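Enquirer: Encoded as C-alpha cells, here's the structure I'll be asking about.
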Amino acid sequence: MKQFTSVYDVENIDELLKTALEIKANPFAQQEVGKNKTIGLIFFNPSLRTRLSSIKAAYNLSANVWVLNAGADSWTLEMADGAVMNGDTQEHITEAIKVMSAYCDVLGVRTFPKLVDRDEDYNEVMFNKVKGLSSVPVVSLESATLHPLQSFADLITIAEKSGYTPGEKSAKKVKVVMTWAPHPKRLPQAVPNSFAQWFSKVDWVDFTVVQPKGYELDAKFTDGATIEYDQEEALKDADFVYAKNWSSYENYGEVIPQDKDWQVTMEKMDLTNKGKFMHCLPVRRNVVVADEVLDSDTSIVIDEATNRIFSAQTVFHEILKNK
Amino acid sequence: MKQFTSVYDVENIDELLKTALEIKANPFAQQEVGKNKTIGLIFFNPSLRTRLSSIKAAYNLSANVWVLNAGADSWTLEMADGAVMNGDTQEHITEAIKVMSAYCDVLGVRTFPKLVDRDEDYNEVMFNKVKGLSSVPVVSLESATLHPLQSFADLITIAEKSGYTPGEKSAKKVKVVMTWAPHPKRLPQAVPNSFAQWFSKVDWVDFTVVQPKGYELDAKFTDGATIEYDQEEALKDADFVYAKNWSSYENYGEVIPQDKDWQVTMEKMDLTNKGKFMHCLPVRRNVVVADEVLDSDTSIVIDEATNRIFSAQTVFHEILKNK
Amino acid sequence: MKQFTSVYDVENIDELLKTALEIKANPFAQQEVGKNKTIGLIFFNPSLRTRLSSIKAAYNLSANVWVLNAGADSWTLEMADGAVMNGDTQEHITEAIKVMSAYCDVLGVRTFPKLVDRDEDYNEVMFNKVKGLSSVPVVSLESATLHPLQSFADLITIAEKSGYTPGEKSAKKVKVVMTWAPHPKRLPQAVPNSFAQWFSKVDWVDFTVVQPKGYELDAKFTDGATIEYDQEEALKDADFVYAKNWSSYENYGEVIPQDKDWQVTMEKMDLTNKGKFMHCLPVRRNVVVADEVLDSDTSIVIDEATNRIFSAQTVFHEILKNK
C-alpha cells in the first residue's frame, strides 16, 4: 500500500479485511515491521478516537509515534501560495509539512472541511496540499470528504458481527442501512461519504442510504447503493443500522428544516432484523439516537471504536512492510 | 491488585511497601510485566508530577503510555445521564470512557472536586462514573477526596528516611505530624484525607493531625489519628512534618479567617526531633512554608516527588502482573 | 559531554561532526546507549522542529522521551527568588525543575528572551536558573542568546553539501555568509549569535556576517568573522548564504527603519558561487526570502531541518554514553 486516503488506495478490500482480522487475533506479531519506524500524526482539528487508536496501533506494531496539534503546539501556518508573510502567520505549510515528513516514516493527517466552498472541500485542497508536500506515505485521519480509517473499522465490525469470513461466499447478503439523523450543528459529509464509498463496493453487503430530501450525498460516493427517503421503510430487515448526521451536499453545508423525526429509537430498531446499531462517535445522545438504543445490546458502537485500533494497525502495517 | 483508588485496594500495605523498595532498587527488572501493555492517563485537571512520574513509571516497566488532556485534546464532554445533547457538549462521558479504556490495559484518571456540593464530591460521583464505565482497572491520579499515589510515595519516603524495613519490628514508633498550613485559595481535602487514611493504618507510625478549629477533616479518614489544635504542641518530637493546606470540610470548601500564623518556619521545625519537612507539591513558598525550611536539608520534598515514580510503578506492576 | 548549552561545551568540533555523520549513516546503531534512558523536554515557548526532531532523535537512540509545555500542561510558575506566593503563581521554578529533572536522564529546555532587559537576556538568567536547579545534564533547545542544536545541524549540512570530510585538510575554504534579512516582528539574536559562535571557530570555513548599520551582533559572538554592511558585496563568491532576521543588539530588541531591501532574491543568489540558500525555519516567505529561492534547488532548508535529528541525536548520545 502506497498511501491510505480512500478506498481506491486498497487493492483488494477482502484481502485487507483478512489481514485486519489476523492482526486483531494476534496484535503483537508484526513488530518486526514497526521496529525503528516512526508514525507522525498531525491534527488540524480535535480528535479522541483517531488520536488514541492510532497511537495504540503504533504501539502494537512497536513503532514510535509523535502527535502534533497544529496551531496549539507549533507556529501559526500560512496556507496561501505566493503569500507575502508580513502578517500573523509564522510558517508556511510548505516548510511545515516537508519538515514534519522528514521526522517520520508515515504521516497521518486530519483536515476538516470549512463547509463554505464546496469545490475547495471536494477537491480536498488542504489534504492534497499536505499529501503533495509530504516525502513519506500519507494516511488520512479524516479529510474534508472522507474518513477511510473509520469505514475500514466499520467493515471489520460488520464482518465480525455478521460472521462473514473473507474469501468465502456468503449464502445471503448482509443488509446495511445508513440513515441520516438529526444534529444541532452543521457537520461534514466525510463519514457518510466514506462509508458509502466502501460499502457500495463490498459484494456480500446489500447497502441502502436513507435521508430526507435535500440531504442526498454526492452521487459519486453512493453509486451502487439503494437510495431511500422513508426511514422506516428502509430499516425493514436491516442487519446493521449506521446512523450519522450530515449537512446538505446540494445546498452545501446547510441544515434544512424538516419536520420528520429521524432520531433512531428502539421502536425503529424493532423494524429491523434484530439489527445492530452503529455510529462512528462522538454521538449526540437523545438527538441522533435514544439512550435506550445506545445502552442496549443492540449497540455495537464500542466494538467499532475498538476496531479503529486494527484498521489503523493494518494500514500502518501494509504501508510499512515494504519500506 | 484489581484497582488503586484508596488504601482499601491494598491487601497488605507492608508487602506493597516492600515491593516498592525492591522496584526502586532495580527499576528496570520488571519489563516482562509491562511489555506490550499500554497505560492510558486522562487528566480532567492540570498536573506536573503525576503526569511525568506516571509516564516515567510506565517507561521503567517498558509499558506504552498515552496522555489525554480531557477538554483540550478531545471533544467537550457531557456528564449528565439522560441529557438531550443538542447544546455545546459533543460527546457523552459514557462513550468517551468506554472507548478510552478499549485503548489501554490500565486507565489512570484525575478528577478534582468542585468544592460546591460536599455530597457530590465525597460520593466521588465523577470518579466512580469513570470507574464504572472503564473496561480495564482504574488507578486514581487524584480524585475529589483522595490521592493514594501521593500517600504511597510519602510512605516510601518516610520508610527510607526513618530506616524502616518492611516486616521488621521497629523499636520505637516514628512520629508523623500532618499540619494544616495557610494558602490564598480554596483547596481540596484529597491529599490530607488520603495521607490520614494511609498513616492511621501504619503500625510503626504514631500519627497526629493538627489544624485550626473548623478545619477538621472527615472523621472517617482520621480515625485512629491523634487530633490536635495547637501546632507548636503537636510538632514536639515530630520525626516528620507533613504540611498541607485544605479548605474546610464542615463549612464545605470555605476558607475560615484565623489569626494564628500556621506557616511552617525553621523556628517551628526546631521544636521537632530533627524532623524532616514534607509537602506533596506544588507548594506556595513563604505562605505554606518558609524558604529557609524548603531550601535546607530539613526538606525532603524532592525525595517525595521522586518516589512518585516508584509508587506509580509499583501500582502499575501489581495490576499488570496478573493480566 | 557534560551539557550542551553553547559551542564551549564541545571539546572538539571536528570530532563531534565526525560522530554526527557516522550516526546519520547508521542511526539505529547506538540503541544500547539510549536503552532505559529518558529524555525530558520542557518548552517555555512554541516549537515545531526542535520538539519533533528531539523526539525523533530519542526514538533513534531507543530512549524514552516526555515533553512538557510549561504553563499549558502544568502549574503557573513563579520565577522570583524569595517571593511570597500568595498570588497567581502556583509552583516555584525551584521545585518544578528539581522535580522534572528527577524524572529524566537529560533535560532539554527552551527559554526565549524577553527582549526588554539586555543584561537579563544576555546573562541567560532564566536558562541558567534552570541549569543550576537541574540534577541531570541540560541541553539547550534554544536559550535567550543561543541555539546550539541549530548551529550544529547547520554545520552538518554545510559539511555534507560542501563535501568536507572531518579530519581532512580542505584545499580551499568554504565561504559562508550570514545575512540579516527583513521581518515584521522583533526577533531574538539567538540563532545568528550561535551560528556566528560556531562558524567563527571552524577552520575550513571563511565566515562573513553582513547586516545594516545598527544590527551588529554582540562582538563576543562574531569575533573572528568578517563584518560587512553591503549585502551584494558580501554575497560575492559565497558557497552558502545563511539568511536570518534579528532585532538590534545595540538598541536592544529594536527594529531600526532602513530603506535598503535586504530580502534574499534569486538575483542576489546569482552573485554567489552557485551558493546554497540556508535558513533555520520558520521563515517568512517573500519577506525574508523570495519564493523563487526557497522553491528552487538552491535552497537546502529542508536538509538543515532534517539534520536537526542528527545534531540532537549526537548530543544526546555523547551525554548519555558516559552515564
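Protein chains in written order, with the UniProt record's numbering: chain A, 1 to 323; chain B, 1 to 323; chain C, 1 to 323.
All C-beta atoms, glycine included, are put in the ideal place defined by N, C-alpha and C.
All figures in this text were calculated on a predicted structure; none of them were measured in a lab.
What are the complete alpha helix (DSSP H) segments, minimum 4 residues, inside the region 51–131 of chain B?
Expert: 93–102, 118–122, all fully within the region 51–131 of chain B.
Enquirer: Report yes if the C-beta distance between residue 272(A) and residue 235(A) is below 8 Å; otherwise report no.
Expert: Locating residue 272(A) in the first sequence gives position 272, counting from the first residue. Locating residue 235(A) in the first sequence gives position 235, counting from the first residue. Cβ distance < 8 Å, so residue 272(A) and residue 235(A) count as in contact.
Enquirer: Can you tell me whether residue 228(A) is helix, strand or coil according to DSSP?
Expert: Numbered from its first residue, the first sequence carries residue 228(A) at position 228. Residue 228(A) falls in the strand class under three-state DSSP.
Enquirer: Express the C-alpha separation of residue 297(B) and residue 130(C) in angstroms, rounding to a whole number.
Expert: Indexing the third sequence from 1 puts residue 130(C) at position 130. Indexing the second sequence from 1 puts residue 297(B) at position 297. In a straight line, the C-alpha of residue 130(C) is about 20 Å away from that of residue 297(B).
Enquirer: Residue 65(C) and residue 184(C) - do their beta-carbons sit closer together than 8 Å?
Expert: Counting from 1 along the third sequence, the entry for residue 184(C) is found at position 184. Counting from 1 along the third sequence, the entry for residue 65(C) is found at position 65. Cβ atoms of residue 184(C) and residue 65(C): not closer than 8 Å.
Enquirer: Could you tell me the boundaries of the beta strand (DSSP E) in which residue 41(A) lies?
Expert: Here residue 41(A) is taken as the residue at index 41 of the first sequence, counted from 1. Unbroken beta strand (DSSP E) run through residue 41(A): 38–43.
Enquirer: Return yes when the Cβ of residue 54(A) is within less than 8 Å of the Cβ of residue 35(A), no when it is not.
Expert: Along the first sequence, one-based indexing puts residue 35(A) at 35. Along the first sequence, one-based indexing puts residue 54(A) at 54. Cβ distance not < 8 Å, so residue 35(A) and residue 54(A) don't count as in contact.
Enquirer: Between the Cα of residue 114(C) and those of 182(C), 309(C), 254(C), 202(C), spot the shortest distance and give me the residue it belongs to.
Expert: Along the third sequence, read from residue 1 onward, the residue named residue 114(C) stands at position 114. Closest option to residue 114(C), Cα to Cα, is 254(C).
Enquirer: Is the number of C-beta pairs between the region 21–31 of chain B and the region 186–193 of chain A that are closer than 8 Å three or more?
Expert: No: the two stretches stay apart, fewer than three of their Cβ pairs being nearer than 8 Å.
Enquirer: Hey, is residue 271(A) close to the ligand SAH, as in C-beta under 7 Å from one of its heavy atoms?
Expert: In the structure shown, the ligand SAH is absent, as is every other ligand, since no ligand is present at all.
Enquirer: In the DSSP assignment, find the beta strand (DSSP E) that holds residue 151(C) and state where it starts and stops.
Expert: Against the third sequence, residue 151(C) aligns to sequence position 151. No beta strand (DSSP E) holds residue 151(C); the alpha helix (DSSP H) holding it covers 148–162.
Enquirer: Indicate whether at least one CB of chain F lies closer than 8 Å to the CB of residue 20(C).
Expert: Among the protein chains in the structure shown, which are A, B and C, there is no chain F.
Enquirer: Is DSSP giving residue 8(C) helix, strand or coil here?
Expert: Stepping through the third sequence from its first residue, residue 8(C) is reached at position 8. Residue 8(C) falls in the helix class under three-state DSSP.
Enquirer: Cutting at 8 Å between CB atoms, please list the residues of its own chain near residue 290(A), excluding the five before and the five after it.
Expert: As a first step, residue 290(A) is located in the first sequence; it is residue number 290 there, counting from the start. Correct list, in chain order: 263, 264, 265, 266.
Enquirer: Does any CB atom of chain C fall closer than 8 Å to the CB of residue 339(B)?
Expert: For residue 339(B) there is no data in the structure shown, the boundaries of chain B being 1 and 323.
Enquirer: Quick check: the region 278–286 of chain A against the region 237–250 of chain A, are at least 3 beta-carbon pairs closer than 8 Å?
Expert: In short, these stretches touch, since the Cβ pair count reaches three.
Enquirer: Please return the same chain residues whose Cβ sits closer than 7 Å to the Cβ of residue 24(A), not counting the five positions on each side in sequence.
Expert: Stepping through the first sequence from its first residue, residue 24(A) is reached at position 24. Once the five neighbours on either side are set aside, the close Cβ partners of residue 24(A) are 310.
Enquirer: For residue 269(C), I'd like the list of residues in its chain whose CB is within less than 7 Å of its CB, leaving aside the five on either flank, ordered along the chain.
Expert: Looking up residue 269(C) in the third sequence gives position 269. Contacts found: 241, 275, 277, 293, 298.
Enquirer: Note down, in chain order, every chain C residue with its Cβ under 7 Å from the Cβ of residue 305(B).
Expert: Here residue 305(B) refers to the residue found at position 305 when the second sequence is read from its first residue. What residue 305(B) touches in chain C: 99, 102.
Enquirer: Does chain B have any CB closer than 8 Å to the CB of residue 53(A)?
Expert: Taking the first sequence and counting its residues from 1, one reaches residue 53(A) at position 53. Cβ-Cβ to chain B under 8 Å: yes for residue 53(A).
Enquirer: Could you please give me the residues that DSSP links to residue 135(A) through a beta bridge?
Expert: Position 135 of the first sequence, counting from 1, holds the residue named residue 135(A). Paired residue(s): none; residue 135(A) is not in a bridge.
Enquirer: Just grab the DSSP bridge partners of residue 221(C) for me.
Expert: Stepping through the third sequence from its first residue, residue 221(C) is reached at position 221. BP columns for residue 221(C) are empty, so no partner.
Enquirer: Would you check if the distance between the CB atom of residue 137(B) and the CB atom of residue 319(B) is smaller than 8 Å?
Expert: Mapped onto the second sequence, residue 137(B) falls at position 137. Mapped onto the second sequence, residue 319(B) falls at position 319. Their beta carbons are under 8 Å apart, which means residue 137(B) touches residue 319(B) by this criterion.
Enquirer: Just verifying my parser: in three-state terms, what is the DSSP assignment at residue 298(B)?
Expert: For the purposes of this step, residue 298(B) is taken as residue 298 along the second sequence, with counting starting at 1. Residue 298(B): coil per DSSP, three-state reduction.
Enquirer: Thinking C-beta only, is residue 9(A) closer than 8 Å to residue 18(A)?
Expert: Against the first sequence, residue 18(A) aligns to sequence position 18. Against the first sequence, residue 9(A) aligns to sequence position 9. It is not a contact, given that the beta carbons lie outside the stated cut-off.
Enquirer: Just list the residues that DSSP pairs residue 242(A) with in beta bridges.
Expert: Looking up residue 242(A) in the first sequence gives position 242. Note: residue 242(A) sits in a beta bridge opposite 178(A), 278(A).
Enquirer: Quick check: the region 101–114 of chain A against the region 33–47 of chain A, are there 3 or more CB pairs under 8 Å?
Expert: Touching, per the Cβ criterion.
Enquirer: Anything in chain B within Cβ reach of residue 281(A), meaning under 8 Å, just list it in chain order.
Expert: On the first sequence, position 281 is the one that residue 281(A) refers to. By Cβ distance, chain B contributes 91, 95, 99.
Enquirer: Note down the Cα distance separating residue 207(B) from residue 120(B), rounded to an integer number of angstroms.
Expert: For the purposes of this step, residue 207(B) is taken as the residue at position 207 of the second sequence. For the purposes of this step, residue 120(B) is taken as the residue at position 120 of the second sequence. Rounded to whole angstroms, residue 207(B) to residue 120(B) spans 29 Å at the Cα level.
Enquirer: Along chain C, which residues have their Cβ under 7 Å away from the Cβ of residue 291(B)?
Expert: As a first step, residue 291(B) must be located in the second sequence, where it is residue number 291. Within chain C, the residues near residue 291(B) are 82.
Enquirer: Reducing DSSP to helix, strand and coil, say where residue 186(C) ends up.
Expert: Reading the third sequence from its first residue, position 186 is the one you call residue 186(C). Of the three classes helix, strand and coil, the one that applies to residue 186(C) here is coil, per DSSP.
Enquirer: Closer than 8 Å, CB to CB, is residue 56(C) near chain A or not?
Expert: As a first step, residue 56(C) is located in the third sequence; it is residue number 56 there, counting from the start. Yes, residue 56(C) lies at the interface with chain A (some Cβ there is under 8 Å from its Cβ).
Enquirer: Could you tell me the alpha carbon to alpha carbon distance between residue 225(C) and residue 180(C), rounded to whole angstroms?
Expert: As a working note, residue 225(C) is residue 225 in the third sequence. As a working note, residue 180(C) is residue 180 in the third sequence. The straight-line gap from Cα to Cα measures roughly 15 Å.
Enquirer: How long is the line joining the alpha carbons of residue 99(C) and residue 176(C), rounded to whole angstroms?
Expert: Taking the third sequence and counting its residues from 1, the one referred to as residue 99(C) is at position 99. Taking the third sequence and counting its residues from 1, the one referred to as residue 176(C) is at position 176. Cα to Cα, residue 99(C) sits roughly 43 Å from residue 176(C).
Enquirer: Of all the options 5(A), 248(A), 20(A), which has the alpha carbon lying nearest to the alpha carbon of residue 313(A)?
Expert: Position 313 of the first sequence, counting from 1, holds the residue named residue 313(A). Nearest of 5(A), 248(A), 20(A) to residue 313(A), Cα basis: 20(A).
Enquirer: If you reduce the DSSP assignment to three classes, tell me which class residue 284(B) lands in.
Expert: On the second sequence, position 284 is the one that residue 284(B) refers to. In the structure shown, residue 284(B) sits in coil (DSSP, three-state: anything other than H, G, I, E or B).
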